[in-house]
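Engineer: This structure is in structure tokens; I'll ask about it shortly.
Number of protein chains: 2
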Amino acid sequence: MTAERLVVIGGDAAGMSAASQARRLRGPDELSIVAFERGHFTSYSACGIPYWVGGDVAERDDLIARTPKEHRARDIDLRMRTEVTEIDVAGRRVRALDRETGETYWTGFDKLVIATGARPVRPALPGMDAPGVHGVQTLDDGQALLESLDRVAPGPRRAVVVGAGYIGVEMAEAMLKHGFEVTVLNRGEQPMATLDPDMGRLVHDAMDGLGITTVNRAEVTAIRTGPDGRVRAVAAGDTSYPADVVVLGIGVEPETTLARAVGLPLGPHGGLLTDLSMRVVGHDNIYAGGDCVEVLDLVAGRTRHIALGTHANKHGQVIGANVGGGYGTFPGVVGTAVSKVCDLEIARTGLREKDARAVGLRFVTATIESTGRAGYYPGAQPMTVKMLAEYRTGRLLGVQIVGREGAAKRVDIAAVALTAGMTVDQMTALDLGYAPPFSPVWDPVLVAARKAVTALRRAGTA
Amino acid sequence: MTAERLVVIGGDAAGMSAASQARRLRGPDELSIVAFERGHFTSYSACGIPYWVGGDVAERDDLIARTPKEHRARDIDLRMRTEVTEIDVAGRRVRALDRETGETYWTGFDKLVIATGARPVRPALPGMDAPGVHGVQTLDDGQALLESLDRVAPGPRRAVVVGAGYIGVEMAEAMLKHGFEVTVLNRGEQPMATLDPDMGRLVHDAMDGLGITTVNRAEVTAIRTGPDGRVRAVAAGDTSYPADVVVLGIGVEPETTLARAVGLPLGPHGGLLTDLSMRVVGHDNIYAGGDCVEVLDLVAGRTRHIALGTHANKHGQVIGANVGGGYGTFPGVVGTAVSKVCDLEIARTGLREKDARAVGLRFVTATIESTGRAGYYPGAQPMTVKMLAEYRTGRLLGVQIVGREGAAKRVDIAAVALTAGMTVDQMTALDLGYAPPFSPVWDPVLVAARKAVTALRRAGTA
Chain A
125 MTAERLVVIG
135 GDAAGMSAAS
145 QARRLRGPDE
155 LSIVAFERGH
165 FTSYSACGIP
175 YWVGGDVAER
185 DDLIARTPKE
195 HRARDIDLRM
205 RTEVTEIDVA
215 GRRVRALDRE
225 TGETYWTGFD
235 KLVIATGARP
245 VRPALPGMDA
255 PGVHGVQTLD
265 DGQALLESLD
275 RVAPGPRRAV
285 VVGAGYIGVE
295 MAEAMLKHGF
305 EVTVLNRGEQ
315 PMATLDPDMG
325 RLVHDAMDGL
335 GITTVNRAEV
345 TAIRTGPDGR
355 VRAVAAGDTS
365 YPADVVVLGI
375 GVEPETTLAR
385 AVGLPLGPHG
395 GLLTDLSMRV
405 VGHDNIYAGG
415 DCVEVLDLVA
425 GRTRHIALGT
435 HANKHGQVIG
445 ANVGGGYGTF
455 PGVVGTAVSK
465 VCDLEIARTG
475 LREKDARAVG
485 LRFVTATIES
495 TGRAGYYPGA
505 QPMTVKMLAE
515 YRTGRLLGVQ
525 IVGREGAAKR
535 VDIAAVALTA
545 GMTVDQMTAL
555 DLGYAPPFSP
565 VWDPVLVAAR
575 KAVTALRRAG
585 TA
Chain B
125 MTAERLVVIG
135 GDAAGMSAAS
145 QARRLRGPDE
155 LSIVAFERGH
165 FTSYSACGIP
175 YWVGGDVAER
185 DDLIARTPKE
195 HRARDIDLRM
205 RTEVTEIDVA
215 GRRVRALDRE
225 TGETYWTGFD
235 KLVIATGARP
245 VRPALPGMDA
255 PGVHGVQTLD
265 DGQALLESLD
275 RVAPGPRRAV
285 VVGAGYIGVE
295 MAEAMLKHGF
305 EVTVLNRGEQ
315 PMATLDPDMG
325 RLVHDAMDGL
335 GITTVNRAEV
345 TAIRTGPDGR
355 VRAVAAGDTS
365 YPADVVVLGI
375 GVEPETTLAR
385 AVGLPLGPHG
395 GLLTDLSMRV
405 VGHDNIYAGG
415 DCVEVLDLVA
425 GRTRHIALGT
435 HANKHGQVIG
445 ANVGGGYGTF
455 PGVVGTAVSK
465 VCDLEIARTG
475 LREKDARAVG
485 LRFVTATIES
495 TGRAGYYPGA
505 QPMTVKMLAE
515 YRTGRLLGVQ
525 IVGREGAAKR
535 VDIAAVALTA
545 GMTVDQMTAL
555 DLGYAPPFSP
565 VWDPVLVAAR
575 KAVTALRRAG
585 TA
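Line by line, the protein sequences are chains A and B.
When the letters of the first sequence are read in order and numbered with the working numbering, they come out as residues 125 to 586.
When the letters of the second sequence are read in order and numbered with the working numbering, they come out as residues 125 to 586.
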């Protein structure tokens, strides 16, 4: 009996989903699985960290979908606190470093899964490592931040959040919940650079309304510390923003150091390139998934890097199916993302104006205001929908939504329509759920589609 | 100058949308518009009546999207309380009866829009016309019901709702809000016959939990009245259910008496048959839309009768575009419907098991339980999703959802996928919005799609 050996690098969503799914399809007699995780945790929801820090989620362990013990109970040889330091592609083996003992050793593989995730962008600025400056990428980061908050003296307490993307705005909410005065320093023109600036402006206004100060076009130049070495302020341009705590939400980049070292193919954003079955291009026995890969943007026709748990889980599922002798593919993404700041919901899918221009598409835009419920139904609140449609073909290119209850998940309508290659004209006839508590008689997405059709007609194409 | 004349029969959603849209495209010099409405109101939301009766919507007039005065201000010659009693197809004229004066007269048309709506099914049973027995089809009905509730003596007050479809369950909620003990008498196996019985069972259980008594397989045989002539009980089989008020929510049928009298083509459900431009089949100058027509079910490939404001508005828009010299089509529906009873959300789209069987389709089903938010996020509540997929092709055939917050509008994902003809396998890769407050990392619809793929594989087709 010669069991094949699967080695997995990285014990989070993609890696452990792959391991679990492969195990489901092939028992330990057929497939031995060794998984290396350099940190303290497996299979946890990084997306949940802002809600744990903000107190919505009571316990750190609530974010852990599956513990090391649970993985081991399924015959996965999981080695925690063990970092893979080298991949020997030709020799089909990886070198591991046990961080507890300092021991290193080689482990052979028949099939390899690279799921090394992403690392936070941390600009090399003075004071970046001072106590009170925190990333929120890992559970350890979250724990450190919570402990740091406890150390801030009572009285008026000020938090500066650097970055106004998803993590930034979610952390702004979390800090607000801890009673901090919150300032968000944003490099871009408006918060939420994943939206067009006109839609980002709505987020800005809403954050103002929530008592969050947002400073746009703020380039952080230094973290200033006090005599005790702890953070005291954040300098951006000529201004110094007092800070008892600083949260970094600047974004992440693919962690592909190992892959790069052995010449595995990387895309323009530094992520591994895979085929539809999630095999690393040119390597039949090496798979990669999760935050360390680039994914095909089905609308733009090029790869992007998107660190998002839902993609990582799908990748893991596909890899596990293929390693396990089944069949699975990951066709790509349309770029859907949803978030919230307090009761403000933010969603986007497809291309922004600048994305469309960047790939040579001409388009029209339509922006409408409507409500999430029938206007006369209690709790009906405004919602703004922006839609992009391709010039001439009328094909849907993207949708952005900013509103309150019911705004975020409405973007799924557009996500499916994008996947199906629908035109905005086809969308006007969509049979969407209607009842007064859930939608006006014309769903806001349909109203936007109708306006986009009119815009196309005015542009002389329809 | 010889303006063309458009005559519209029926002043609600379809008729007045058609009139308004036609007017937008062609001014009064080109097109004169005469609209007849036999009732007291125009362009109101019948779907909103349960929420007005229940007190969520304060004023009757909140449900009126556009008043007669507003229509007239847009050069529409709207004749209220005037009933069209005859269509002379060959002579291109209609006979109108002014219900205030009793006067009748003929009005010629170049183009005609039939938007006569639907009428409630009212079984011919003893006591059906007794005081305290109320339909909820029109604003007048709603007003009469509200006045009737005021006349019920204080103390324990009992309402019997006949019918457990959308109107029935919504009216059960409304009566609950008025402090009534509510009994719903349901002819079918489970409430919400637009769902499969296994999903209707979940609604039944939830209604139990809300304190609503639901009696299934209850065939109403008589309304019993007291010495004052007012309703006292509802008899169904051997049982008599005490009632201080009775609400009829049995459903509606197309109001096509006029059309039938002149031999216009009707479908198997008694609704007018139209082509894609909403012209009555065989009649270039007669259009029809709203609750009086049958619509093509794109999944079943046959026509259905669905009385729903959102379709009526689309029909009106399409008719108005075509009459106004523009272009519009209504391709059909996939049968999406959403509703709620208190905080229970109910949604369906596509085919039920019996619909699929009725048109000769073989299929697999998959039912899953998940939550509307990440399991660890506060307020995450259970949601059940049932999915039907065609045997062999794997094409999505239908989805039913019962759950709490976020359940109903999730059905839109399936509505778009149905429209696009997606397979459940394709659906597993959909890039749906994910963030802990809005969805588990695998959206419930994706979980159902994955299970449907497994069911197909087990059935030997995938």
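Even glycine gets a Cβ: it sits at the ideal position worked out from N, Cα and C.
For residue 187 of chain B versus residue 159 of chain B, is the C-beta spacing smaller than 7 Å?
Structural biologist: Not a contact, by the Cβ cut-off of 7 Å.
Engineer: Apart from the five residues just before and just after residue 340 of chain B, which ones in its own chain have a Cβ nearer than 7 Å to its Cβ?
Structural biologist: Here the set comprises 310, 312, 313 and 314.
Engineer: Any chance you could list the beta strand (DSSP E) runs of at least 3 consecutive residues sitting entirely within the stretch 227-261 of chain A, in chain order?
Structural biologist: As far as the stretch 227-261 of chain A is concerned, its whole beta strand (DSSP E) runs of at least 3 residues are 228-232, 235-238, 242-244 and 257-259.
Engineer: Any beta carbon from chain E within less than 7 Å of residue 398 of chain B's own beta carbon?
Structural biologist: The chain inventory of the structure shown lacks chain E, comprising the protein chains A and B.
Engineer: Got a sec? Which residues, its chain only, sit under 6 Å from residue 368 of chain A by beta carbon, not counting five neighbours each side?
Structural biologist: Same-chain partners within the cutoff: 276, 281 and 282.
Engineer: Using a Cβ cut-off of 7 Å, pull out every chain A residue sitting near residue 458 of chain B, in sequence order please.
Structural biologist: Within chain A, the residues near residue 458 of chain B are 555.
Engineer: Report the partner residues of residue 366 of chain A according to the DSSP bridge assignment.
Structural biologist: Partner(s): A/357.
Engineer: Just checking, does the stretch 217-225 of chain B make contact with the stretch 411-430 of chain B on the three C-beta pairs under 8 Å criterion?
Structural biologist: The stretch 217-225 of chain B vs the stretch 411-430 of chain B: no contact.
Engineer: Judging by CA-CA distance, which residue of B/435, B/175 and B/299 is the nearest neighbour of residue 502 of chain A?
Structural biologist: When each option's Cα is compared against that of residue 502 of chain A, the closest is B/175.
Engineer: Given this structure, state the Cα-to-Cα distance separating residue 440 of chain B from residue 251 of chain B, to the nearest angstrom.
Structural biologist: Using only the alpha carbons, I get a separation of about 38 Å.
Engineer: Note down, in chain order, every chain A residue with its Cβ under 7 Å from the Cβ of residue 168 of chain B.
Structural biologist: By Cβ distance, chain A contributes nothing, its closest Cβ being about 10 Å from residue 168 of chain B, past 7 Å.
Engineer: Determine whether the beta carbon atoms of residue 519 of chain A and residue 525 of chain A lie at a separation below 7 Å.
Structural biologist: It is not a contact, given that the beta carbons lie outside the stated cut-off.
Engineer: Counting contacts by CB-CB distance shorter than 7 Å, is residue 490 of chain B in contact with chain A?
Structural biologist: So no, residue 490 of chain B is outside the interface.
Engineer: Determine the direct distance from the alpha carbon of residue 461 of chain A to that of residue 433 of chain A, and round the result to whole angstroms.
Structural biologist: If I take the Cα positions, the gap works out to 11 Å.
Engineer: Tell me the DSSP bridge mates of residue 193 of chain B?
Structural biologist: Answer is none; residue 193 of chain B lacks a bridge partner.
Engineer: In the DSSP assignment, the alpha helix (DSSP H) including residue 537 of chain A goes from what residue to what residue?
Structural biologist: Unbroken alpha helix (DSSP H) run through residue 537 of chain A: 535-543.
Engineer: Expressed to the nearest angstrom, what Euclidean distance is found between the alpha-carbon atoms of residue 191 of chain A and residue 467 of chain B?
Structural biologist: If I take the Cα positions, the gap works out to 34 Å.
Engineer: Using 7 Å as the threshold, is the C-beta distance between residue 110 of chain B and residue 579 of chain B below it?
Structural biologist: For chain B, the structure presents residues 125 to 586; residue 110 of chain B sits outside this window and is missing.
Engineer: Mind checking residue 451 of chain B: buried by the 16 CB within 10 Å criterion, or exposed?
Structural biologist: When all chains shown are included, residue 451 of chain B counts as exposed.
Engineer: Please identify the residue among B/490, B/492, B/475 and B/383 whose C-alpha is closest to the C-alpha of residue 484 of chain B.
Structural biologist: Ranking B/490, B/492, B/475 and B/383 by Cα distance to residue 484 of chain B puts B/475 first.
Engineer: Please list, in chain order, the chain A residues whose beta carbon lies closer than 7 Å to that of residue 537 of chain B.
Structural biologist: The contacting residues are 536 and 540.
Engineer: Name, please, each residue of chain B whose Cβ falls closer than 8 Å to the Cβ of residue 239 of chain A.
Structural biologist: Under the 8 Å cutoff, chain B gives no residues; its nearest Cβ is about 15 Å from residue 239 of chain A.
Engineer: Leaving out five residues before and five after residue 498 of chain A in sequence, what residues of the same chain have Cβ atoms less than 6 Å from its Cβ?
Structural biologist: Contacts found: 560 and 564.
Engineer: Within the continuous beta strand (DSSP E) that includes residue 521 of chain B, where are the two ends?
Structural biologist: That run of the beta strand (DSSP E) goes 520-527.
Engineer: Do residue 437 of chain B and residue 141 of chain B come within 7 Å of each other at the CB atom, strictly closer than that value?
Structural biologist: Yes; because the gap between Cβ atoms is below 7 Å, this pair is in contact.
Engineer: For chain B, is any of its Cβ atoms less than 7 Å away from the one on residue 434 of chain A?
Structural biologist: Judged by the 7 Å Cβ criterion, residue 434 of chain A is in contact with chain B.
Engineer: In chain order, which continuous runs of the alpha helix (DSSP H) of length 4 or greater are located wholly inside the stretch 422-506 of chain B?
Structural biologist: Counting only runs of 4 or more, we get 433-447 and 477-482.
Engineer: With which residues is residue 131 of chain A paired in a DSSP beta bridge?
Structural biologist: A/158 and A/236.
Engineer: Rounded C-beta distance between residue 537 of chain B and residue 536 of chain A? I'm assuming under 8 Å.
Structural biologist: About 5 Å separates the two Cβ atoms, so the contact holds.
Engineer: According to the Cβ coordinates, are residue 582 of chain B and residue 379 of chain B closer than 7 Å?
Structural biologist: For residue 582 of chain B and residue 379 of chain B, no; Cβs fall outside 7 Å.
Engineer: Just checking, does the stretch 389-408 of chain A make contact with the stretch 292-306 of chain A on the three C-beta pairs under 8 Å criterion?
Structural biologist: The stretch 389-408 of chain A vs the stretch 292-306 of chain A: no contact.
Engineer: Mapping the DSSP letters down to three states, classify residue 210 of chain A as helix, strand or coil.
Structural biologist: Residue state, collapsed to three classes: strand.
Engineer: Evaluate the contact criterion for the stretch 132-146 of chain A versus the stretch 442-449 of chain A: three or more CB pairs, one atom per stretch, below 8 Å.
Structural biologist: The stretch 132-146 of chain A, when compared against the stretch 442-449 of chain A, does touch it at the 8 Å Cβ threshold.
Engineer: Is the separation between the beta-carbon of residue 490 of chain A and that of residue 576 of chain A shorter than 7 Å?
Structural biologist: Taking 7 Å as the Cβ cut-off, residue 490 of chain A and residue 576 of chain A qualify as a contacting pair.
Engineer: Can the beta-carbon of residue 217 of chain B be found less than 7 Å from the beta-carbon of residue 209 of chain B?
Structural biologist: No, the pair does not count as a contact, with Cβ atoms beyond the cut-off.
Engineer: Just to confirm the assignment: which complete alpha helix (DSSP H) runs, minimum length 4, are found wholly within the stretch 261-349 of chain A?
Structural biologist: List check, alpha helix (DSSP H) in window: 263-275, 290-301 and 321-333.
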